[in-house]
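> Chains as they are written, first to last, in the working numbering: chain A, 1 to 285; chain B, 1 to 315; chain C, 1 to 403. Take this structure, written in structure tokens, and hold onto it; I'll ask about it next.
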Amino acid sequence: MLLAQIIVNGVLLGGLYGLMALGMALVWGVLNIVNLAHGAFVMLGGYIVYYLFTTLGIDPLAALPIAMALMFAFGYLLQYVVLNQIIRSAMLNTLLITFGLDVVLTYLAQLGFSADFRTIAPSYAGANFGLLGITVPVAPLAAFAIAWLLAGLTWLLLNRLPLGRAIRATAQNLVAARLYGVNPRRLYAVTFGIGAALAGASGGLYGMISHLSPYVGAPLTAKAFVIAVIGGLHNPFAVVASGLIIGIAESLAALYVGPTYANVISFGLLVLILVLRPSRALRAA
Amino acid sequence: MRPRFVILLVAVTALLAIVPIVGSPVMVQFGISTLLFAVLAQSWNIIGGFTGYPSFGNSVFYGLGVYGTAIAMAKFSLPFGVGLVCGAILAMLCALLIGLPVLRLRGQYFAIATLGLSVAMAAVFSNIEIAGANIGLILPLTRADGMFYELSLGLLVACVLCVFWISRSRFGMGLIAIREDEHAAASMGVNTTLYKTMALVLSALFTSIAGGIHAYFITFVDPASAFDSTLNVRMVIMTVFGGPGTVLGPVVGAFVLSAVYELLANWISTAAALLFGVVIVVAVIFMPRGIADLAAGIRRQGISYLLQNIRRYRL
Amino acid sequence: MRYTLTLLAALPALILSAATLAQADDDVITLGASVQQTGQQANTGRYYADAYKLAIDTINAKGGVKVGDKSYKLALKLYDNQSDVNLSVRQYVQLITADKVNYLLGPFASNYALDDSSVAEKYQIPMVQGGGASGQIYARGYKYVFGTLPPAEDYYASTIDMMGKLDPKPANVALISADDSFDVSVAKGTREHLKSAGLNIVVDEKFAENNADFASILSLVKSKTPDVILWSGHETEALNFIRQMKSLDVNPKGFYAFTVGVPTADFRKALGNDANYAFGMTTWLPTDKLPDQWFGNAADFAKVYKEKFGYDPDYHAASAVADVETYAVSLAKAGSLEPPKVRDAIAAIEFDSLYAHIKYGENGQIVLPQVVVQIQNNELMPVYSTDFLNKPQYPVPAWGERK
Numbered sequence: 001m002l003l004a005q006i007i008v009n010g011v012l013l014g015g016l017y018g019l020m021a022l023g024m025a026l027v028w029g030v031l032n033i034v035n036l037a038h039g040a041f042v043m044l045g046g047y048i049v050y051y052l053f054t055t056l057g058i059d060p061l062a063a064l065p066i067a068m069a070l071m072f073a074f075g076y077l078l079q080y081v082v083l084n085q086i087i088r089s090a091m092l093n094t095l096l097i098t099f100g101l102d103v104v105l106t107y108l109a110q111l112g113f114s115a116d117f118r119t120i121a122p123s124y125a126g127a128n129f130g131l132l133g134i135t136v137p138v139a140p141l142a143a144f145a146i147a148w149l150l151a152g153l154t155w156l157l158l159n160r161l162p163l164g165r166a167i168r169a170t171a172q173n174l175v176a177a178r179l180y181g182v183n184p185r186r187l188y189a190v191t192f193g194i195g196a197a198l199a200g201a202s203g204g205l206y207g208m209i210s211h212l213s214p215y216v217g218a219p220l221t222a223k224a225f226v227i228a229v230i231g232g233l234h235n236p237f238a239v240v241a242s243g244l245i246i247g248i249a250e251s252l253a254a255l256y257v258g259p260t261y262a263n264v265i266s267f268g269l270l271v272l273i274l275v276l277r278p279s280r281a282l283r284a285a
Numbered sequence: 001m002r003p004r005f006v007i008l009l010v011a012v013t014a015l016l017a018i019v020p021i022v023g024s025p026v027m028v029q030f031g032i033s034t035l036l037f038a039v040l041a042q043s044w045n046i047i048g049g050f051t052g053y054p055s056f057g058n059s060v061f062y063g064l065g066v067y068g069t070a071i072a073m074a075k076f077s078l079p080f081g082v083g084l085v086c087g088a089i090l091a092m093l094c095a096l097l098i099g100l101p102v103l104r105l106r107g108q109y110f111a112i113a114t115l116g117l118s119v120a121m122a123a124v125f126s127n128i129e130i131a132g133a134n135i136g137l138i139l140p141l142t143r144a145d146g147m148f149y150e151l152s153l154g155l156l157v158a159c160v161l162c163v164f165w166i167s168r169s170r171f172g173m174g175l176i177a178i179r180e181d182e183h184a185a186a187s188m189g190v191n192t193t194l195y196k197t198m199a200l201v202l203s204a205l206f207t208s209i210a211g212g213i214h215a216y217f218i219t220f221v222d223p224a225s226a227f228d229s230t231l232n233v234r235m236v237i238m239t240v241f242g243g244p245g246t247v248l249g250p251v252v253g254a255f256v257l258s259a260v261y262e263l264l265a266n267w268i269s270t271a272a273a274l275l276f277g278v279v280i281v282v283a284v285i286f287m288p289r290g291i292a293d294l295a296a297g298i299r300r301q302g303i304s305y306l307l308q309n310i311r312r313y314r315l
Numbered sequence: 001m002r003y004t005l006t007l008l009a010a011l012p013a014l015i016l017s018a019a020t021l022a023q024a025d026d027d028v029i030t031l032g033a034s035v036q037q038t039g040q041q042a043n044t045g046r047y048y049a050d051a052y053k054l055a056i057d058t059i060n061a062k063g064g065v066k067v068g069d070k071s072y073k074l075a076l077k078l079y080d081n082q083s084d085v086n087l088s089v090r091q092y093v094q095l096i097t098a099d100k101v102n103y104l105l106g107p108f109a110s111n112y113a114l115d116d117s118s119v120a121e122k123y124q125i126p127m128v129q130g131g132g133a134s135g136q137i138y139a140r141g142y143k144y145v146f147g148t149l150p151p152a153e154d155y156y157a158s159t160i161d162m163m164g165k166l167d168p169k170p171a172n173v174a175l176i177s178a179d180d181s182f183d184v185s186v187a188k189g190t191r192e193h194l195k196s197a198g199l200n201i202v203v204d205e206k207f208a209e210n211n212a213d214f215a216s217i218l219s220l221v222k223s224k225t226p227d228v229i230l231w232s233g234h235e236t237e238a239l240n241f242i243r244q245m246k247s248l249d250v251n252p253k254g255f256y257a258f259t260v261g262v263p264t265a266d267f268r269k270a271l272g273n274d275a276n277y278a279f280g281m282t283t284w285l286p287t288d289k290l291p292d293q294w295f296g297n298a299a300d301f302a303k304v305y306k307e308k309f310g311y312d313p314d315y316h317a318a319s320a321v322a323d324v325e326t327y328a329v330s331l332a333k334a335g336s337l338e339p340p341k342v343r344d345a346i347a348a349i350e351f352d353s354l355y356a357h358i359k360y361g362e363n364g365q366i367v368l369p370q371v372v373v374q375i376q377n378n379e380l381m382p383v384y385s386t387d388f389l390n391k392p393q394y395p396v397p398a399w400g401e402r403k
């Protein structure tokens, strides 16, 4: 029974992980930007939901779309004004500039929101129900459902809408995309905006399950990075699914191998996948 | 390389060497940390800049250097020099062992695999008894900051000379060929596996000695500080900032960024982090090929070099 | 390339000029500190920055410090180390050698104090620090380092003592701790205390530092149905632990206790009603039973502090004030500004402060009992020190049975 409970824990946690990685994978896959500020976006999204909830009394789940819209605008502007300027230089430069952005955003967050710890705590945040002797917490369950919902919407966007086709065309070949009459500057900004919006949504959910402070971002960036790599960069469902794999692996590791090794398991798994199947990794790179 | 330039370099080195005699203790402190950072950036440059493999495992080598030295000194009461050798051997063995499988990966996948190794290594060291487990290890206190400074400077000189040799040698040409097109390099007869592994081992050598010096200097060692992956991020940033794949770029990058960070931290204290971030963002926009290229570009074109960079790399 | 080299050569000059800023007046005694005002540890670091300032201002307002026949004002030279331990080491060297501060106050957290105290010892300048509790700081035989936080190994001593007097008496304990230096020390000491009290350890788990997910450990705890959870780690982790206890419906039969967080106002605010019933510990409470030469008593201090900075002080702040007062008292005793004399005076002093009765042990560390506290109806209540101070809400009701 303990084993079943641990697996349920891992699956629910993994959903949120997957959602965090979704935006990172999209931006990475399409724009070739490894966004080190992704965790900071998650943090910002969390604070938006927190303030909408505590000052305006908007239910956190209802506040998610608002946070996503705001984060979309933020991401759009950031890409359009700043990142588009360097997008064609060496790939390591995007790493460098997003690192700089992460430092700036973290600092501004401490200035604006203070270093106090915050939690998004609607009445149902700590609620749970029993199912066949397993305790199912409600908030992570909601996060899990929302992760799949947003993965589905992202998939629809990329595969069924003209905008998505343009985005995918850009990912493959910038010149060809221009021939289709797409304005790449705006398209890049839209893509980055969507990535930021997805990060924002995961931030709101993260604040409901865990806590917010200006410094929660960095470890989340690392986690999203790993999951994006395992899931591959082009299929939203695969990204969320790889979130689940990491979630389950970590939950099991925390108990049966020793919690200190939880990180080792997730990264070890990753290295194993990469080394054993380099052909797949090489093709994507 | 023109003679005038060589003379200038020697003069700068000599100037740096007398800092402990004429400079204040603060300068010596700053010097130790900056020189070690320059060594770390330069070592990263060998694998990341010349060979084109963005390693996030250099913090593993650093940590092994730290722990090799600390264990030798704290647990076996061996002299500092022996400790450094232990750390270096440990790191080079590790580079050899992990290099063979991991160097088959490319680009971001290599980065993430090496990042994984650094996380794993921290966990391993926080569980083994001889490394003091999580409690950490304490090293004897020495009042010899001048010695640490000269050691760091010596290490940096050795590291720069090594990179200079690489840039002129057949070995270095091979590394650059691998960076530009690995398949082509292999078909031209470059033993890519050997070259890549050697680059990683060299990188590990210098990185681990820097770690060992820092361990004895700071007197306290624990897994979190020894295997800090943000340290690796800083190596990358300093190298990219200065100019990856050049001989002096990473050193200049490390010096400039350390100085900016330090001055901001001491002059305006709390807003330092903000400005540090802004400096990095602005630098990437205006000099995407690093300081090394900026110097040449400004001399060639003046200020319009900056604008031309934007024109060239924007969408 | 020539430009870069010129730039390179100019840097040392810049640093040098930065280093020669402060020159002390001859009737001012400057205390130097490097504290986390931004970055990861800023949340707790601010207690030290604010308390140092308040203590120095208050002492100055009451006439400063008299050394021999001469009156001195105290001054503070404070740097923000941005939660970067290497930067903090350099800043302490700068404080001693360039800013020429007279004595040092400490940073927050054991790993910082471990590195920074070496600087104090190297230059033989006294450092009184209230931010590091790890016994390792004092195991090195340093002469110039003093501390006002008690040893980590004994953090749970009073809690375990209390468990012997509870009804029903708890028998099975789950011990959960982070894997960093400080918390491993706490766990090690706690294990020994539990053993000598004859209690069973049914769960003994470590978790990775900066971990936010406790679902696995909590599920294990739930399956072992312990009477008590003793937990050691950092504030954010304690916060996550409680939230996940609730969402996974984990209810120890007796109670659950934390090393950190519970006495901190910010922590209680972040958790709201979910913070209720949690046990914790503190070396300090803002009562009027702690008289103080400068502030009146601890309660008065808490009031002034809250008014000035807008949040309640906890033991970090009180401990920081005690550090400053240590200098004020021992300087008067030493009758000299010479660091070795001041050092000897600190080692010998004994006085009452708003933090506690201050007397440093042989190794430089203070010995203080931890008062067991509990959050009852959103208020922090002292429960037990050597005997019950207030009635504990025990056993703690299950999550489902709370209002």
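The C-beta atom is built at its ideal place from N, Cα and C for all residues, glycine as well.
Find the residues of chain A that neighbour residue 272(C), judging by a C-beta separation of less than 9 Å, and give them in chain order.
One-based indexing of the third sequence puts residue 272(C) at position 272. Near residue 272(C) (Cβ distances below 9 Å), the residues of chain A are 119 and 121.
> How long is the line joining the alpha carbons of residue 17(A) and residue 223(A), rounded to whole angstroms?
If you number the first sequence from 1, residue 17(A) lands on position 17. If you number the first sequence from 1, residue 223(A) lands on position 223. Their Cα atoms are separated by approximately 7 Å.
> Please list, in chain order, all residues of the same chain as residue 75(C) whose beta carbon is under 6 Å from its beta carbon, the five residues on each side excluded.
Reading the third sequence from its first residue, position 75 is the one you call residue 75(C). Taken in chain order, the residues that qualify are 28 and 30.
> Restricting to runs no shorter than 4 residues, where is the alpha helix (DSSP H) found entirely within the region 136-187 of chain C?
Runs found: 157-163.
> Grab me the residues of residue 247(B)'s own chain with a C-beta within less than 8 Å of its C-beta, minus the 5 sequence neighbours each way, in chain order.
As a first step, residue 247(B) must be located in the second sequence, where it is residue number 247. The residues are 160, 163, 164 and 167.
> Under 9 Å Cβ-Cβ, which residues of chain B neighbour residue 111(C)?
Indexing the third sequence from 1 puts residue 111(C) at position 111. Ordered by position in chain B, the residues that pass the 9 Å Cβ test against residue 111(C) are 136, 220, 222, 224 and 225.
> Taking a Cβ distance cut-off of 7 Å, strictly less, list which residues of the region 93-104 of chain C are near chain B, in chain order.
For the region 93-104 of chain C, which is checked against every Cβ of chain B, the residues closer than 7 Å are 93, 94, 97 and 98.
> Between the region 82-99 of chain B and the region 226-242 of chain B, do at least 3 Cβ pairs fall closer than 8 Å?
No contact exists between the region 82-99 of chain B and the region 226-242 of chain B.
> Which of the three DSSP states, helix, strand or coil, is assigned to residue 29(A)?
Taking the first residue of the first sequence as 1, we reach residue 29(A) at position 29. In the structure shown, residue 29(A) sits in a helix (DSSP, three-state: H, G or I).
> Suppose the cutoff is 6 Å on Cβ atoms and the five residues either side in sequence are ignored; what does the same chain contact list for residue 398(C) look like?
Counting from one through the third sequence, the residue named residue 398(C) turns up at place 398. Only 251 meet the Cβ criterion.
> Mark residue 222(C) as exposed unless 16 or more other C-beta atoms lie within 10 angstroms of its C-beta, in which case mark it buried.
Your numbering for residue 222(C) matches position 222 in the third sequence. By the neighbour-count rule (16 or more Cβ atoms within 10 Å), residue 222(C) is buried.
> With 7 Å set as the bound, which would you pick, yes or no: does the beta-carbon of residue 185(A) sit closer than that to a beta-carbon of chain B?
In the first sequence, the residue the question calls residue 185(A) occupies position 185. So yes, residue 185(A) belongs to the interface.
> Using C-beta distances below 7 Å, list every residue in its chain close to residue 237(C), excluding the 5 sequence neighbours before and after it, in chain order.
Within the third sequence, numbered from 1, the residue matching residue 237(C) stands at position 237. So the qualifying residues of the chain are 178 and 211.
> Using only the alpha-carbon positions, how far apart do residue 138(B) and residue 74(B) sit?
Residue 138(B) sits at position 138 when you count from the first residue of the second sequence. Residue 74(B) sits at position 74 when you count from the first residue of the second sequence. So the alpha carbons of these two residues sit roughly 7 Å apart.
> Is it true that the region 247-263 of chain B meets the region 112-123 of chain A, where meeting means three or more beta-carbon pairs spaced less than 8 Å apart?
Judged by Cβ distances under 8 Å, the region 247-263 of chain B makes no contact with the region 112-123 of chain A, as fewer than three pairs qualify.
> Once DSSP output is grouped into helix, strand and coil, what is the label at residue 51(B)?
In the second sequence, counting from the first residue as 1, residue 51(B) sits at position 51. Coil at residue 51(B), not helix or strand.
> Between which two residues does the alpha helix (DSSP H) holding residue 284(C) run?
For the purposes of this step, residue 284(C) is taken as residue 284 along the third sequence, with counting starting at 1. It is not in any alpha helix (DSSP H) - residue 284(C) carries neither H nor E in the DSSP assignment.
> Any idea what DSSP makes of residue 357(C), helix, strand or coil?
Here residue 357(C) refers to the residue found at position 357 of the third sequence. Strand at residue 357(C).
> Applying the 10 Å Cβ sphere with the 16-neighbour rule, what's the burial state of residue 35(A)?
The residue you call residue 35(A) lines up with position 35 of the first sequence. Buried, since its Cβ has 16 or more Cβ neighbours within 10 Å.
> Any Cβ of chain C within less than 7 Å of the Cβ of residue 26(B)?
For the purposes of this step, residue 26(B) is taken as the residue at position 26 of the second sequence. Yes, contact with chain C.
> In or out: residue 129(C) buried (at least 16 other Cβ within 10 Å) or exposed?
As a position in the third sequence, residue 129(C) is number 129, starting the count at 1. Buried, since its Cβ has 16 or more Cβ neighbours within 10 Å.
> Thinking just about the alpha-carbon of each residue, which of 170(C), 44(C) and 98(C) is nearest to the one in residue 116(A)?
Here residue 116(A) refers to the residue found at position 116 when the first sequence is read from its first residue. Nearest option by C-alpha distance: 44(C).
> Are there 16 or more other CB atoms within 10 angstroms of the CB of residue 134(B), so buried, or fewer, so exposed?
Within the second sequence, the letter at position 134 stands for residue 134(B). So residue 134(B) counts as buried.
> With DSSP as the reference, please indicate the residues paired to residue 72(C) in a beta bridge.
Walking along the third sequence from the start, residue 72(C) turns up at place 72. In DSSP, residue 72(C) forms a bridge with 65(C).
> Kindly list the residues whose CB is nearer than 7 Å to the CB of residue 24(C), restricted to its own chain and excluding five residues on each side of it in sequence; keep chain order.
As a first step, residue 24(C) is located in the third sequence; it is residue number 24 there, counting from the start. Note on residue 24(C): pLDDT 48, under 50, position unreliable in the model; no value is reported.
> Can you list the alpha helix (DSSP H) stretches of 4 or more residues lying completely in the region 230-289 of chain C, in chain order?
You should have 235-247 and 265-271.
> Roughly how many angstroms lie between the CA atoms of residue 21(C) and residue 98(C), to the nearest whole one?
Position 21 of the third sequence holds residue 21(C). Position 98 of the third sequence holds residue 98(C). Note that residue 21(C) scores 43 on pLDDT, short of 50, meaning its location in the model is unreliable and no value can be drawn from it.
> Please check the pair residue 390(C) and residue 383(C), which I expect to be a contact at CB under 8 Å, by giving their CB distance rounded to whole angstroms.
Here the question's residue 390(C) lines up with position 390 in the third sequence. Here the question's residue 383(C) lines up with position 383 in the third sequence. That belief holds up - the Cβ atoms of residue 390(C) and residue 383(C) are roughly 6 Å apart, short of 8 Å.
> Just to confirm the assignment, what range does the alpha helix (DSSP H) spanning residue 80(A) have?
Residue numbering aside, residue 80(A) sits at position 80 when the first sequence is read from its first letter. Neither: residue 80(A) is in no alpha helix (DSSP H) and is coded neither H nor E.
> Could you check whether the Cβ of residue 211(A) sits closer than 7 Å to any Cβ belonging to chain C?
The sequence position of residue 211(A) within the first sequence is 211, counting from 1. Yes, residue 211(A) counts as interfacial toward chain C.
> Quick check on the DSSP output: the beta strand (DSSP E) that includes residue 129(A) runs from which residue to which?
Reading the first sequence from its first residue, position 129 is the one you call residue 129(A). From DSSP, the beta strand (DSSP E) with residue 129(A) extends over 128-131.
> Could you tell me which chain C residues have their CB closer than 9 Å to the CB of residue 116(A), listed as they occur along the chain?
Here residue 116(A) refers to the residue found at position 116 of the first sequence. Neighbours of residue 116(A) on chain C, chain order: 43, 266, 269, 270 and 311.
> Any C-beta of chain C sitting closer than 7 Å to the C-beta of residue 2(A)?
The residue given as residue 2(A) occupies position 2 in the first sequence. By this cut-off, residue 2(A) is an interface position.
> The alpha helix (DSSP H) spanning residue 42(B) covers which residue range?
For the purposes of this step, residue 42(B) is taken as residue 42 along the second sequence, with counting starting at 1. Residue 42(B) -> alpha helix (DSSP H) spans 25-44.
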